[in-house]
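Asks:
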Ligand SMILES: NC(=O)c1ccc[n+]([C@@H]2O[C@H](COP(=O)([O-])OP(=O)(O)OC[C@H]3O[C@@H](n4cnc5c(N)ncnc54)[C@H](OP(=O)(O)O)[C@@H]3O)[C@@H](O)[C@H]2O)c1
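Numbering (my numbering), first residue to last: 37 to 300.
So, in structure tokens, the structure goes:
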């Protein structure tokens, strides 16, 4: 029903993983897409896949943890398309070297994870909002981790929780400017990166057992909601924190029991 035709949307970290799925959904709805990320190879891959959908694509090799790179994403978008209607703050992660139980987390690990997932997510949103002179829509990609305990990734969960809180304040402060801000919180989504961690059948099964809908997510599960939030049909939706997780907040033990009962 909704369309993004005529709109220009930036997706940070849009070259791979969930960001690639979001870029695809947005392009399928007709938007011009600006894809940013550090890996030029991922950007080139994404570009050819997106252009095949008939939309205009611009790629910007940029590190979101650098203020000048964020400024360049904005200026290149304006130069190429004239205006910016949407911005998806998707770039984020916690590298395997930076995670572990809270008792062992060092200051450097904390800074890397919290800077990428909170500090620079904020400054990217601020830069986007400053550039949205005719209003617009910002979508912050948070995580199920924002509202649950996260053994081994506590600092990542805390950063994502903070982004959800900032989403509420951004929505309140920027509503009068015609800028809507919402958050999408994925559950476990199988990306190439995650496949390196969930690399055995039993590891995958343990995750699937926490999901009422009995499968892990894919990047294609996240994009359509983002596309909706970027569209005019969502023009009365702001400050919403929306989970896309197959229902996974249900406790694991209970679900294992249910799945067993249902398959008996
Ligand atoms: N997969 C999940 O299960 C899951 C669950 C909940 C939330 N999330 C969130 O969803 C978002 C995407 O996650 P994903 O699983 O698709 O991650 P991923 O496969 O690890 O990819 C991370 C993305 O972020 C970009 N990125 C990382 N650091 C960057 C930097 N300094 N500057 C610019 N771009 C950077 C990467 O692009 P380059 O490497 O090219 O820079 C890549 O596109 C993240 O915010 C993540 O926290 C993921």
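We put the beta carbon where it would ideally sit given N, CA and C, even for glycine.
Would residue 134 be called buried (16 or more neighbouring beta carbons within 10 Å of its own) or exposed?
Replies: Locating residue 134 in the chain shown gives position 98, where the first residue counts as 1. Buried: at least 16 other Cβ atoms inside 10 Å.
Asks: Among the residues of its own chain, which have a CB less than 7 Å from the CB of residue 256, if the five just before and after it don't count?
Replies: Numbered from 1 along the chain shown, position 220 holds the residue referred to as residue 256. Excluding residues within five positions, the ones whose Cβ falls inside 7 Å are 57.
Asks: Pull up the distance between the alpha-carbon of residue 168 and that of residue 261, whole angstroms please.
Replies: Residue 168 sits at position 132 when you count from the first residue of the chain shown. Residue 261 sits at position 225 when you count from the first residue of the chain shown. When rounded, the distance between both Cα atoms is 21 Å.
Asks: Using a Cβ-based criterion (distance less than 8 Å to any ligand heavy atom), does residue 179 qualify as near ligand 1?
Replies: As a working note, residue 179 is residue 143 in the chain shown. Residue 179 Cβ: within cutoff of ligand 1.
Asks: Using C-beta distances below 8 Å, list every residue in its chain close to residue 254, excluding the 5 sequence neighbours before and after it, in chain order.
Replies: Here residue 254 corresponds to residue number 218 of the chain shown, with the count starting at 1. Closer than 8 Å at the Cβ level, and outside the excluded window around residue 254, lie 57, 225 and 226.
Asks: Does the distance between the C-beta of residue 221 and the nearest non-hydrogen atom of ligand 1 fall short of 8 Å?
Replies: Counted from its first residue, the chain shown places residue 221 at position 185. Under cutoff, so the answer is yes.
Asks: Would residue 270 and residue 173 qualify as a contact pair, given that the criterion is a beta-carbon distance under 9 Å?
Replies: On the chain shown, residue 270 is found 234 positions in, with the first residue counted as 1. On the chain shown, residue 173 is found 137 positions in, with the first residue counted as 1. Cβ distance < 9 Å, so residue 270 and residue 173 count as in contact.
Asks: Hey, quick one: how far does the alpha helix (DSSP H) through residue 179 stretch, first residue to last?
Replies: Here residue 179 corresponds to residue number 143 of the chain shown, with the count starting at 1. Residue 179 -> no alpha helix (DSSP H), and no H or E assigned at all.
Asks: May I ask whether a heavy atom of ligand 1 can be found less than 8 Å away from the beta carbon of residue 75?
Replies: Translated into the one-based positions of the chain shown, residue 75 becomes position 39. Result yes, Cβ under 8 Å from ligand 1.
Asks: Under three-state DSSP, which class holds residue 273?
Replies: Indexing the chain shown from 1 puts residue 273 at position 237. Three-state result, residue 273: coil.
Asks: I'd like to confirm something about residue 155: is its beta-carbon nearer than 8 Å to some heavy atom of ligand 1, or not?
Replies: Locating residue 155 in the chain shown gives position 119, where the first residue counts as 1. No; taking the cut-off as 8 Å, the Cβ of residue 155 has no heavy atom of ligand 1 nearer than that.
Asks: Specify the secondary structure class of residue 260 as computed by DSSP and reduced to three states.
Replies: On the chain shown, residue 260 is found 224 positions in, with the first residue counted as 1. Residue 260: helix per DSSP, three-state reduction.
Asks: Here's a check: name, in chain order, each residue in its chain whose Cβ is nearer than 6 Å to the Cβ of residue 116, leaving out the five neighbours to either side.
Replies: Your numbering for residue 116 matches position 80 in the chain shown. Within the same chain, residue 116 has close Cβ partners 94.
Asks: Put residue 137 into one of helix, strand or coil per three-state DSSP.
Replies: Translated into the one-based positions of the chain shown, residue 137 becomes position 101. In this structure, residue 137 counts as coil in the three-state DSSP scheme.
Asks: Look up residue 219 in the DSSP assignment and give the residues it is bridged to.
Replies: If you number the chain shown from 1, residue 219 lands on position 183. Its beta-bridge partners are 176 and 277.
Asks: Quick one: what's residue 94 bridged to in DSSP?
Replies: By one-based count along the chain shown, residue 94 stands at place 58. The partner list for residue 94 (beta bridge, DSSP) reads 70.
Asks: Quick check: the Cα distance between residue 153 and residue 176, rounded to an integer number of angstroms?
Replies: Position 117 of the chain shown holds residue 153. Position 140 of the chain shown holds residue 176. Residue 153 and residue 176: Cα-Cα distance of roughly 10 Å.
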